[in-house]
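Here's the structure, in structure tokens; my notes come after.
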Amino acid sequence: MIISVASGKGGTGKTTVSVNLAASLETPLKLLDCDVEEPNVHLFIQPDEMVSRTESTFVPVIDEQRCNGCRKCADLCEFNALAVIGEKVLVFPELCHSCEGCREICPEQAVQAGSRELGTIETGSWQHVIMSYGRLRVGEAMSPPLIARVQSIIDPDDLVIIDAPPGTSCPAINAMKVSDFVLLVTEPTPFGLHDLVLTVEAVRQLEIPCGLVINRADIGNEEVYRYARRESLPILMEIPFERSIAEIYSRGGLLVEHSEEWRIRFSGLFDTINDRAALQEVGR
Amino acid sequence: MKVAITARGADLSSEVDPRFGRAANILIIDLETMEVETIDNSVTANSFKGAGIQAATMVHDRGAEVLMTGYCGPKAFQTLQAAGIRVVSEVSGTVGEALERFRTGEVQYLDSANAESHW
Ligand code: SF4
Ligand code: SF4
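These protein sequence lines map, in sequence, to chains A and B. Using my numbering, the letters of the first sequence correspond one by one to residues 135 to 418. Using my numbering, the letters of the second sequence correspond one by one to residues 6 to 124.
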């Protein structure tokens with residue numbers, strides 16, 4: 135079972151929901167922060183020890199001695215990462231998608247394996263949770279490859295909670311597409327609604343069941359609720375705008391560790407998701 | 006000698022297109038014969054990234070030694086440099102006027118890219 139926690143934009147409380155959901159349970163689970171441009175799950179779930187590894191990906195390096203300038207590689211590359219000027223091949227590693235097509239097509243074996251660093255992945259364990267997060271290298275333009283590496287530790291029967299990147303762009307879709315259920319965190323404001331609508335459309339394209347968590351539920355207006363009703367989107371939790379909650383958050387604390395009531399609510403949220411995802415399975 | 010000029014249209018009276026990689030057309034003008042070859046750049050312009058790299062390769066393939074355009078990003082510039090093509094930027098007005106400026110020597114060559122990368 136894989137649950138993604140997503141939001142239309144950053145700063146809606148997505149991380150609050152994913153860390154508290156993970157901490158409220160007792161069964162072993164993996165909590166993966168796939169928001170690799172701005173990971174922050176580790177500020178709340180702090181393993182004593184983290185193992186760090188650097189991830190990199192294939193980019194071509196041209197052996198000029200062997201290359202005859204035939205252009206087959208540049209013609210093949212869909213991403214314009216290669217250009218042939220005269221007999222010299224120019225490589226733009228930051229545009230390369232690592233398909234290795236250039237390497238296969240080169241008749242002279244002039245394309246050799248180089249590498250481009252994607253970023254780092256840190257992994258550690260905390261209570262019942264194995265926590266892992268990726269951090270994109272500054273200057274790296276593509277996050278989906280690193281997101282895929284973060285997700286590579288998922289085994290078939292795992293219970294997994296994914297903190298997905300905000301928005302509906304390629305990285306967000308990449309992070310969510312493996313999941314059985316998407317929990318959308320939103321605020322009841324006009325901006326919140328606008329981004330929510332886009333995200334719901336994207337999740338429906340992926341044909342993954344979803345439900346809402348409304349954060350700062352008592353600010354803003356009724357529009358989000360009306361939208362949810364119209365679209366038959368279940369509202370699975372409401373988190374009020376309370377000073378005490380904000381304080382716990384700003385200290386990097388967990389709601390479920392400060393309040394038994396919230397622990398019960400978050401584990402109840404999990405049970406609801408479980409039931410809904412199971413229903414969907416039967417319905418398929 | 007041939008000069009490449011990015012253009013919105015297909016002849017000397019058309020406006021210079023300020024974009025390079027995403028220009029509508031690229032005109033290759035042979036200064037000796039005044040023959041104009043029009044490259045339809047729409048395929049390149051629609052590529053997601055690296056349009057400037059492709060456009061630079063085309064300009065080189067047609068034998069131009071100078072490119073006149075509005076803005077040139079870093080990857081396109083790098084490609085043009087490797088090809089030994091000199092770049093005149095911030096060109097405006099019609100292609101004909103640009104050509105005239107080039108003939109009278111009123112141009113300055115760019116020594117680095119004058120636009121950001123298109124991410
Ligand atoms: S690996 Fe693929 S994307 Fe990268 S340069 Fe080669 S052909 Fe292009
Ligand atoms: S396919 Fe190989 S030989 Fe041909 S241009 Fe590319 S690197 Fe050179």
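Built from N, CA and C at the ideal position, the CB exists for glycine as well. Remember, predicted model here, so these are calculated numbers, not experimental data.
For B/Ala61, return the contacting residues in chain A, with the cut-off set at a CB-CB distance below 9 Å.
Within chain A, the residues near B/Ala61 are Ala217, Ile219.
Less than 8 Å separating the Cβ of B/Ile31 from some heavy atom of ligand 2?
The closest heavy atom of ligand 2 lies 8 Å or more from the beta carbon of B/Ile31.
At a Cβ threshold of 9 Å, is B/Ala50 touching chain A?
No, its Cβ sits nowhere closer than 9 Å to a Cβ of chain A.
Show which residues of chain A have a CB atom less than 7 Å away from the CB atom of B/Ile58.
When 7 Å is used as the limit between beta carbons, B/Ile58 is near these residues of chain A: Asn214, Ala217, Phe226, in chain order.
Please list, in chain order, the chain B residues whose beta carbon lies closer than 9 Å to that of A/Leu229.
The contacting residues are Lys54, Gly55, Ile58, Lys80.
Measuring straight from C-alpha to C-alpha, what distance separates B/Gly110 and A/Gly220?
Distance between the alpha carbons of B/Gly110 and A/Gly220 is about 28 Å.
Using 9 Å as the limit for Cβ to Cβ distance, is A/Ala362 near chain B?
It does not: the Cβ of A/Ala362 has no partner Cβ on chain B nearer than 9 Å.
Amino acids of chain B, ordered along the chain, whose beta-carbon sits closer than 7 Å to that of A/Lys222
The contacting residues are Ala87.
List the residues of chain A whose Cβ lies closer than 7 Å to the Cβ of B/Thr84, in chain order.
Ala217, Ile219, Leu224, listed in chain order.
Counting only runs that start and end within the stretch 345-410 of chain A, where is the beta strand (DSSP E) found for 3 or more residues in a row?
Considered as a whole, the stretch 345-410 of chain A harbours 369-373 as its complete beta strand (DSSP E) runs of no fewer than 3 residues, in chain order.
Determine whether the Cβ of A/Ala412 lies closer than 9 Å to any Cβ atom of chain B.
No, because no Cβ of chain B sits closer than 9 Å to the Cβ of A/Ala412.
Does any C-beta atom of chain B lie closer than 9 Å to the C-beta of A/Ala208?
Yes, its Cβ sits closer than 9 Å to a Cβ of chain B.
Apply the 10 Å Cβ neighbour rule to A/Asp169 and answer buried if 16 or more other Cβ atoms are within range, or exposed otherwise.
Looking at its Cβ environment, which holds 16 or more other Cβ atoms inside 10 Å, A/Asp169 is buried.
Rounded to the nearest angstrom, what separates A/Ser393 and A/Lys311 at their Cα positions?
Cα to Cα, the separation comes out at about 33 Å.
B/Tyr114 bridges to which residues according to DSSP?
B/Tyr114 is not bridged to any residue.
Within the stretch 27-100 of chain B, ranges of the alpha helix (DSSP H) (whole runs, at least 4 residues)
Runs of the alpha helix (DSSP H) inside the stretch 27-100 of chain B: 47-50, 56-66, 79-87.
Do the stretch 180-190 of chain A and the stretch 245-262 of chain A touch if we need at least three Cβ pairs shorter than 8 Å?
The stretch 180-190 of chain A is in contact with the stretch 245-262 of chain A.
Assuming B/Lys54 and A/Leu229 form a contact by the criterion Cβ under 8 Å, report the distance between their Cβ atoms to the nearest whole angstrom.
Contact between B/Lys54 and A/Leu229 holds: their C-beta atoms lie close to 6 Å from each other, under 8 Å.
Residues bridged to B/Ile10 [DSSP beta-bridge criterion]:
DSSP lists B/Leu32, B/Met73 as the beta-bridge partner residues of B/Ile10.
Does A/Met371 pass the burial test, meaning 16 or more other C-beta atoms within 10 Å, or should it be called exposed?
Buried is the call here.
Measure how close the beta-carbons of A/Val316 and A/Ser138 come, nearest whole angstrom, since I'm counting them as under 8 Å.
Rounded to the nearest angstrom, the Cβ distance from A/Val316 to A/Ser138 is 5 Å, consistent with a contact under 8 Å.
Can the beta-carbon of A/Pro374 be found less than 9 Å from the beta-carbon of A/Asp405?
For A/Pro374 and A/Asp405, no; Cβs fall outside 9 Å.
Please report how far the alpha carbon of B/Gly26 lies from the alpha carbon of B/Gly14, in whole angstroms.
Straight-line spacing of the CA atoms in B/Gly26 and B/Gly14 works out to 15 Å.
A/Ile255 - containing alpha helix (DSSP H), residue span
Premise fails: A/Ile255 lies in the beta strand (DSSP E), 245-260, not in any alpha helix (DSSP H).
Counting only beta-carbon atoms, is B/Ile31 nearer than 9 Å to chain C?
Reference to chain C is not applicable here, since the protein chains of this structure are A and B.
Based on DSSP bridge pairs, tell me the residues matched to A/Pro194.
In the DSSP output, where bridge partners are listed per residue, A/Pro194 has A/Ala247.
Suppose the cutoff is 7 Å on Cβ atoms and the five residues either side in sequence are ignored; what does the same chain contact list for A/Leu388 look like?
The residues are Val153, Asn154, Ala157, Phe178.
Mark A/Ala336 as exposed unless 16 or more other C-beta atoms lie within 10 angstroms of its C-beta, in which case mark it buried.
Buried.
Do A/Ile196 and A/Val245 have their CB atoms nearer than 9 Å?
Yes, the pair counts as a contact, with Cβ atoms nearer than the cut-off.
With a threshold of 8 Å, establish whether the CB of A/Ile196 neighbours any heavy atom of ligand 2.
Yes, the Cβ of A/Ile196 comes within 8 Å of a heavy atom of ligand 2.
Run through the DSSP bridge pairs and tell me what A/Arg187 is partnered with.
According to DSSP, A/Arg187 bridges with A/Ile255.
CB contact below 9 Å: B/Trp124 versus chain A
With a pLDDT of only 40 at B/Trp124, under 50, the local geometry of the prediction cannot be trusted, and the value read off the model is given with reservation. For B/Trp124, the nearest CB of chain A lies under 9 Å from its own CB, placing it at the interface with that chain.
Does the distance from the CB of B/Val71 to the CB of B/Val93 come in under 9 Å?
Yes, these two residues count as a Cβ contact at 9 Å.
Could you check whether the stretch 204-224 of chain A touches the stretch 272-285 of chain A, counting it as contact only if at least three pairs of C-beta atoms, one from each stretch, sit closer than 8 Å?
Note that the stretch 204-224 of chain A does not touch the stretch 272-285 of chain A; fewer than 3 beta-carbon pairs, one per stretch, sit closer than 8 Å.
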